[in-house]
Amino acid sequence: MPDFTAYVVTVAPRENVVTKIISIFEEMSPETVTVLSATGQVSTVVIFGFGGTVTYKGNFDILSLCGQCMCTKVSNSEEGKNVMLASSLSAPDGNVFGGVLESAMIAATPVEGSSSKRESINKAREPTHLDLLKLDVVKIHPGLHQYQDLYQKQHLYNKLWSTIHYSVGRQNICS
């Protein structure tokens with residue numbers, strides 16, 4: 002079984018979660034990073050909606066955040082970035098919405114985190130500060146990315162289909 006390395010990424014309040022993920026892992030090119038989960042609150046989120054992007058502002062609890070970030074070297078000087086993150090969020094009134102993140106997800110809560118490393122996927126990670134915004138990220142072995150990509154696309158498709166079902170008609174919390 003290939004080695005996996007687990008990370009917990011710390012995101013400060015008012016910091017862009019998407020930008021933070023990209024900046025930390027772009028140095029690991031050409032590896033694929035999979036975001037497994039996140040907890041905490043965000044104040045602003047920009048998602049792809051029907052006919053364009055939709056910006057939500059307020060305090061929203063993260064129900065799920067998952068996806069892939071892949072940085073590939075195109076040539077000696079060029080790098081390509083492929084980021085596909087999907088999130089489901091809950092508004093204070095209980096409405097649930099979400100979709101594919103466009104570019105921004107701004108943290109609203111104070112953040113702490115720790116990092117851990119594991120040698121195989123079978124080793125369990127200790128749970129940590131679930132009330133704070135943390136991203137559990139696994140660095141995928143470069144040889145497995147094509148299989149992981151197929152799995153992630155199917156998983157994201159299923160998640161997005163259910164997310165779109167909940168987000169239809171929730172434009173009232175949009176700014």
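If you count by my numbering, then the sequence shown holds residues 2 to 176, one letter each, in order. From the three backbone atoms N, C-alpha and C, an ideal C-beta is built for every residue, glycine too.
For residue j and residue i, the rounded distance between their alpha carbons
i, j, result
"Ser-38", "Ser-65", "6 Å"
"Ile-63", "Ser-24", "21 Å"
"Thr-11", "Ala-87", "19 Å"
"Thr-1", "Thr-6", "Outside the modelled stretch of the chain, which goes from 2 to 176, sits residue 1, for which no answer is possible."
"Val-43", "Glu-103", "15 Å"
"Tyr-8", "Ile-22", "11 Å"
"Ala-13", "Asp-94", "25 Å"
"Leu-151", "Gly-99", "Confidence at Leu-151 is low in this model, with a pLDDT of 47, below 50, so the placement of that residue should be treated as unreliable; the coordinate-derived value is given next. For Leu-151 and Gly-99, the distance between alpha carbons rounds to 22 Å."
"Asn-83", "Gly-52", "22 Å"
Residue j beta carbon less than 7 Å from that of residue i
i, j, result
"Met-85", "Val-19", "no"
"Val-47", "Thr-56", "yes"
"Thr-45", "Lys-58", "yes"
"Ala-108", "Glu-16", "yes"
"Phe-61", "Ala-92", "yes"
"Phe-26", "Cys-67", "no"
Residue(s) in a DSSP beta bridge with residue i
i, result
"Lys-58", "Thr-45"
"Ala-87", "Cys-67, Val-101"
"Ala-92", "Beta-bridge pairing links Ala-92 to no other residue."
"Val-12", "Beta-bridge pairing links Val-12 to no other residue."
"Gly-50", "Gly-53"
"Ile-107", "Asn-17, Thr-45"
Whole-number beta carbon distance between residue j and residue i, since they are thought to touch under 8 Å
i, j, result
"Val-101", "Ser-89", "With a Cβ gap of about 11 Å, Val-101 and Ser-89 do not count as contacting."
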